[in-house]
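The block underneath contains the structure these notes are about, expressed in structure tokens.
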Amino acid sequence: MSKENGTSFATRELITLESPITKSNGQDLEKYRTDDIPGQVAEKWRGTQSDKHDMDVLGKKQELRRNFKFINMLGLSSTAIASWEILLPLFAYSLEDGGTADMFWGFIVGTFGMSLVYASIAEMASISPTAGGQYHWVSEFAPPKIQKFLSYLVGWLSAVGWQLYLAGVCFMVALIIQGLIALNVEDYVGQSYHGTLLTIAVLAFSVIFNTSASSHLPMIESVMLALHVFGMLAITIPLWVLTPNLSHASDVLLTFTNEGGWPSKGLSAMIGLTVPFGALVGFDCSIHMCKKPRSLCYTDHWPVST
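Heads up, my numbering is the position in the sequence shown plus 7, with the first residue counted as 1.
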């Protein structure tokens, strides 16, 4: 976005936009006019007048089907982050470095700090809703002299970050599969390249699944949201009830450990914080799908805050 006289293109478009918008409880279900969207977008996948207003501000026209609702976007955020699912294999590192107290207080502090970050992201997304996300906002809100360089830098960092995240998740899933094989096959001898091959297989499955089943993703995300919520209850409740000896609250909340051989408990606790803090990163993922939901201002921004 270029800026002239201190006013961004998006801001000037927002001020001069003449298209009337009718609001009803934050959602306007009136369809686009037929001549405002490409012909390949079926009427049932068209956005609302509010969505058209948001895209007019950015100088864009609808090209993708808007087939995601709030519950679908919430499911997408939950499955993309996989909060408690990904923590199960990572708890071992945090229990070794820092202990239960480090995990508990780390989540408290991290949740407070990251809530401020995501509140800011949701605010910027409401002002400039674009799938580009951070690099676009930097270009929009940064000082004119450095906006191009910073936008370029942030864009590449975001792209590399998501690629590394995907590869890391696939590698973790591969190691879990390899562990299950070793648990159930007594004569299995794990080799280092097995994990690599399983990682490639998991990655290939993810790409093929998301490509071939793209039209069914909204329904699949809703099902995964239910599994995400009830699966956590199905695991935590039996563990809580069937545990033979419950630890005292002071041991859980106040005892820090250093089983990793670090020079001090303080350093060990700081290293252990990477687990709870890392679990709170990436909840802006729904922003990069902002061209898919209808009633964007409601459907996309609430999952970020939630």
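We put the beta carbon where it would ideally sit given N, CA and C, even for glycine.
Check: Run of the alpha helix (DSSP H) containing Y100, from where it starts to where it stops; Outcome: S90 to E103
Check: The region 203-212 touching the region 162-171, judged by at least three CB pairs closer than 8 Å; Outcome: no
Check: Integer Cβ distance of D291 from Y159, believed to fall under 8 Å; Outcome: That belief does not hold up - the Cβ atoms of D291 and Y159 are roughly 19 Å apart, past 8 Å.
Check: Euclidean distance between Cα positions of T86 and H255; Outcome: 33 Å
Check: Supposed close pair G82, S229 - CB separation, criterion 8 Å; Outcome: 5 Å
Check: Contact set for V209: own chain, Cβ-Cβ below 7 Å, skip 5 residues either direction; Outcome: C177, V180 and A181
Check: Nonlocal neighbours in the same chain, by C-beta distance under 6 Å from A286, ignoring five residues either side; Outcome: S90 and L94
Check: Nonlocal neighbours in the same chain, by C-beta distance under 7 Å from L260, ignoring five residues either side; Outcome: A108 and F111
Check: Nearest-angstrom Cβ-Cβ length linking S127 and Y142, presumed shorter than 8 Å; Outcome: With a Cβ gap of about 16 Å, S127 and Y142 do not count as contacting.
Check: Identity of the residue in F284, S293, P136 and F77 nearest V114 by Cα; Outcome: Per the sequence presented here, residue 114 reads as Phe, with Val not at that position. Cα-wise, what sits closest to F114 is F284.
Check: Three-way DSSP call (helix, strand, coil) for F290 in this model; Outcome: coil
Check: Cα-Cα separation between V236 and P151, rounded to whole angstroms; Outcome: 45 Å
Check: Residue range of the unbroken alpha helix (DSSP H) whose run includes P270; Outcome: Looking at the DSSP string, P270 is not in any alpha helix (DSSP H), and its letter there is neither H nor E.
Check: Cut-off 6 Å between Cβ atoms - residues of its own chain near G162, not counting five sequence neighbours on either side; Outcome: Y142
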